[in-house]
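One structure is given here, and the rest of the page talks about it.
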Amino acid sequence: MKLKKQVTVCGAAIFCVAVFSLYLMLDRVQHDPARHQSGGNFPRSQISVLQNRIEQLEQLLEENHEIISHIKDSVLELTAHAEGQPALPPHTPNVSWVLPPESRPSFLSVSPQDCQFALGGKGQSPDLQMLAIYSLLPFDNQDGGVWKQGFDITYEPNEWDTEPLQVFVVPHSHNDPGWIKTFDKYYYDQTQHILNSMVLKMQEDPRRRFIWSEISFFSKWWDNISAQKRAAVRRLVGNGQLEMVTGGWVMPDEANSHYFAMIDQLIEGHQWLEKNIGVTPRSGWAVDPFGHSSTMPYLLKRSNLTGMLIQRVHYAIKKHFAATQNLEFMWRQTWDPDASTDIFCHMMPFYSYDVPHTCGPDPKICCQFDFKRLPGGRINCPWKVPPRAITDSNVAERAQLLLDQYRKKSKLYRSKVLLVPLGDDFRYDKPQEWDAQFLNYQRLFDFLNSQPNLHVQVQFGTLSDYFDALYKRLGIVPGMKPPGFPVLSGDFFSYADREDHYWTGYYTSRPFYKSLDRVLEAHLRGAEILFSLALAHARRAGADGKYPLSDYALLSNARRNLGLFQHHDAITGTAKEAVAVDYGVRLLHSLTNLKRVIINAAHYLVLGNKETYHHDPAAPFLGMDDTRPGQDSLPEKTVVKLDTSPRFLVVFNPLEQERLSVVPVLVDSPHVQVLSEEGQPLPVQLSAHWGSATDMVPDVYQVSVLARLPALGLRVLQLHRSLDGRPVASTRLYLHGRDVSVRRQEPVPLHVFPATTDDFCLENQHLRACFSGSSGLLQSVRRAGEEREQRVSSEFLVYGTRTSKDKSGAYLFLPDGEAKPYAPKEPPVVRVTEGPLFSEVASYYQHVQTVMRLYNVPGVEGLSLDVSCVVDIRDHVNKELALRFTTDIESDDAFFTDLNGFQIQPRRYQRKLPLQANFYPMPAMAYIQDTQSRLTLHTAQALGVSSLGSGQLEVILDRRLMQDDNRGLGQGLKDNKRTCNRFRLLLERRTTASKVQDGHPISFPSLLSHITSMHLNAEALVMPVAQEKPVPPALRSFAPLSNTLPCDFHILNLRTLQAEDDSLPSAEAALILHRKGFDCSLEAKNLGFNCTTSQGKLALGSLFRGLELGSLQPTSLTLMYPLSMASNSTNIHLDPMEISTFRIRLG
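Just so you know, the sequence shown maps onto residues 180 to 1326 in this note's numbering.
Right under this line is the structure:
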């Protein structure tokens, strides 16, 4: 009763505060002259002032109304918890438990200014909008003659009389850091020889040029060469003969990679270049990623690059852009109001980046100018006309033939400056090849340049030589907007290189490693942040002598292994089996090392008395949350053994927002009580730990604890043996006529039913989800307070592959028609568990086990449905398993997928294209919507997604293919693993419906959606304090942030920078912040996160509790360029969608 009274008083107080604040706001309206200006310059007549004031009052009343309704909800919520009984699902044993005592009402009020951004409409529409171009093109694949996918190109011989043609031939060697061979094998067999010959051969003639992009290879070579050779490399870079292009650790895949990892590998490469060669890349070079994301131009622009090149784009788009001279454009982000994201982009026009497809439209002729293919060599020209060495007697005729190709190619572009790449995979690995290419070409150049009547100037060049000459012709400096070039926005997925061969299979290929990639990424981010904080606190206490600085080398190695895996044959799943294993071993090795880094940092940070800190690598203070026996195994959770003395747990929350989460822990006894560090009992749910559909693992129990975890912080919990009754989840097992034995163990109640056909529902205070009794799969969802059930049914489907010669493989998806329903031999075993903290339905089929879980907790966790699928299709032949959700949302042909977890790209199902063309990458989320609802599928790993019909959303879970698809790999996909795919399904109500316009396609997730995605991707880590220790020292929870971060700010990384000795940390760190764009038109009631938004303002000076911000320098994204500070203050401002890097010193 007393509690009820307190709640009422508290509610009344909040109400009074709200009313008083309304009064103050009104007062401000009357006294604030600035408010009058905001509506435009009104005449100073009383009527308009009054009118203005009435409008503002209406707006304020509306805001206030929202705040009051939030308060009401929060008070109701508090009352419910105060009475000790949340809205429990039906037939749950009546258990008394309360929310964590520190629970506080949380209501979110987003200021109206922060809602304006998502409405878009600012800025001009681009000239080229990719979604509109897709709707426009016929995709008819007509035979174009010698340029098969294009058209005949003609020119007048005198076209260059007034302005001569200027040609830059750019020698390059495309080095895959792993594909047919492993990274190391490629290095020893080829790459080291390429780079060694390069140093030698470039010095022979100052007119020679070369470009290089993969720093992973370059740094390995650098570590193995003499000081003399290093000096020669620095000279070649200094005099412009050798250019480092893009400068990332790898040339990343742009479909499956997450923006954290894309940025991280770019920083790793740029930092290496700056430290070792003293150079900053100026131009981007991406000739091999299988389709291009618009995230890449944004990252390159924010890293201060001024030009970029792309190659693998759908042949129909290349043809269209060539016909309209739009192959060079300013690439702009869809949300950009002021052209600040524009970067100049060059699209290569032909089929490939090899020599036959780069000199001009006719590969039969161009191949004759690839002098590695001279007769007698190992490779020849498939068009049956070999190259001829250039001599005095044939130079005139050969030069004329080549110039004809150059001229034709130049007709596809708007300027008289032409780029001609000269290279291929792992080229220039022998001195003979350098001689063959460079000497023969130099003879051609010398001849062409000596004939004034030809009006051409040809030379070797780097990529930036080309861009610089182009800018010079246009009379501008790099980075400026060139006059007369179109602005483009959108992306270049999905890619087809010929016919209907769409490269949409690799969005899912080898999903086990796509998942492991994200687990490693989450650990790297967590380890970076915790290491930086622990090091800063240790330095402040003068204890950095005791801290294991050697952990920095582990961090550095993990950055490089994660970076390596972003390569476009790694995360894509398109490398040989042995190479995939090599990547897997590297990822697992780094994952284990990062767990050590996190453990060491957490150990230091939770010690009450830091003086007692002692790092013993042989006996770590904390245990790991889970272990993986091998690179292809799923994780096995650590079981905490209970003792007479309490066991302590340290729980790490890698999110920058406080979270109320259900934390699962495996223990060896059902007699367990969980207390906060102050000794308060916390709500728990005890359930069985299942080894299979019907077997409880003996002597292992899952205790799930509801705990409030501090932002980026560590929470200390204690486990006690206790004979008091625990709230135990009850389980119903439906065998559907299958004859299987059931292994039980006390005290977990289990009811076994031989069969059921009745549908059933689970609910919490936000949602009610109903399931099919026979399949255990989702049927419908109803949001609290709504009358209508929304149909959301899930089913498994199977795609086959074609019977013709072209079949699906690692790259290509070539289905044999629409998917057929998955038809297992036996019906599933369905297991329904209900308890006070969560309820779940597990369906065990032959090839997939799916668990749908509803958390019965206030806040973010309880607003979406947690879905996981363990897939094992190792006995399938040429099949792909898909999960489809079918709803009554009237989405028509529109759906939305994310690009790299960074932005949303509206999509349209194109009926004129084959089924496989309508699949897109989904690294983080996809959604469908109509005027009333939006359904978002959040994912913890990149997979391929589509919406093949109105109201549908489907994702490909795994693919097993028995043959190569003729793209060079020479293998199918037969190394499938047991893979766990994790999702969250979020149904939101739309309050203001706006259809996405073709001309300005732009869409954003809601704040709830962003935070749901973060919860899914950054799980809390539970680390038990090692048992062997004597009585553990006093431990204190660690909360590093002194203020709540605005809801739309994400700390992407806090990355300690390297010292002069690159295995040691410096005193500086890179703080990388991202302000997310979000849509306010999705109803956000009672969300249970207690942050607000701040118009992009953040006070960094006081953000980290107990640490001072010694210095703050805004820089370009990869820290290569300092940017000017607005003032000396530590208050910063970010526009929506922007990512900003700051060089900071904490201590």
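The beta-carbon is built from N, C-alpha and C at its ideal position, and this holds for glycine as well.
- The secondary-structure analysis by DSSP pairs Q969 across a beta bridge with V960.
- Residue range 1073-1078 is occupied by the beta strand (DSSP E) that includes F1075.
- For G302, the secondary structure class from DSSP, reduced to helix, strand or coil, is coil.
- Runs of beta strand (DSSP E) with 3 or more residues, each lying fully within the segment 887-961, are found at 893-900, 909-913, 929-932, 939-942, 946-950, listed in chain order.
- DSSP places Q1089 outside both helix and strand once states are collapsed to three, so it counts as coil.
- In this structure, the alpha-carbon of L1286 lies about 5 Å from that of G1326.
- For W400, the enclosing alpha helix (DSSP H) has its first and last residue at 394-401.
- Closest option to A1213, judged by alpha-carbon separation, among D795, W464, Q897: Q897.
- Annotation for G1256: F296, A297, W514, F1183, P1315, M1316 place their beta carbon closer than 7 Å to its own, counting only its chain and skipping 5 residues before and after.
- When the beta-carbon positions are compared, Q490 and V466 come within less than 7 Å of each other.
- Between Q308 and G669, the C-beta gap is smaller than 7 Å, which places the two residues in contact.
- The three-state reading of DSSP puts A615 in helix, counting H, G and I together.
- Around the CB of G724, fewer than 16 other CB atoms lie within 10 Å, so the residue is classed as exposed.
- If you keep only unbroken alpha helix (DSSP H) runs of at least 4 residues inside the segment 371-396, you get 371-381.
- Counting only runs that start and end inside the segment 1172-1246, the alpha helix (DSSP H) elements of at least 4 residues fall at 1186-1196.
- In the DSSP assignment, L1286 falls outside any alpha helix (DSSP H) and carries neither an H nor an E.
- A check of alpha carbon separations from P291 across S1260, L1302, L1277 identifies S1260 as the nearest.
- Counting only runs that start and end inside the segment 982-1034, the beta strand (DSSP E) elements of at least 3 residues fall at 1008-1013, 1017-1023, 1027-1034.
- Annotation note: the segment 301-337 contains no uninterrupted beta strand (DSSP E) run of length 3 or greater.
- Residue range 344-353 is occupied by the beta strand (DSSP E) that includes V349.
- The shortest CA-to-CA distance from P862 to any of W869, L1122, P843, V785 is the one to P843.
- A distance below 6 Å between beta-carbons, with the five flanking residues on each side excluded, links T361 to the following residues of its chain, in chain order: V758, D761.
- I558 counts as exposed, since fewer than 16 other C-beta atoms from the protein chains shown sit within 10 angstroms of its C-beta.
- Distances from the alpha-carbon of V348 to those of W358, N354, Q420 put Q420 closest.
- Of the candidates K563, R894, N632, the residue whose Cα lies closest to the Cα of N337 is N632.
- According to DSSP, E507 shares a beta bridge with H525.
- Our two residues, L415 and N505, have alpha carbons roughly 34 Å apart in a direct line.
- Burial of G299 is indicated by the presence of at least 16 other C-beta atoms within 10 angstroms of its C-beta.
- Annotated as distal: D874 and L991, with beta-carbon spacing of 7 Å or more.
- Here the alpha carbons of C545 and P554 stand approximately 16 Å from one another.
- Ranking V289, S304, Q810, A890 by CA distance to the CA of I1181 puts S304 first.
- Measuring C-alpha to C-alpha distances from D804 to each of L1291, W869, A797, L845 identifies L845 as the nearest.
- Approximately 6 Å separates the beta-carbon atoms of S352 and F605; this is inside 8 Å, confirming the contact.
- Proximity to E678 across Y494, D918, V1049 peaks at Y494, based on C-alpha coordinates.
- In the structure shown, R697 falls within a helical segment according to DSSP collapsed to helix, strand and coil.
- The continuous beta strand (DSSP E) containing I1107 extends over residues 1104-1108.
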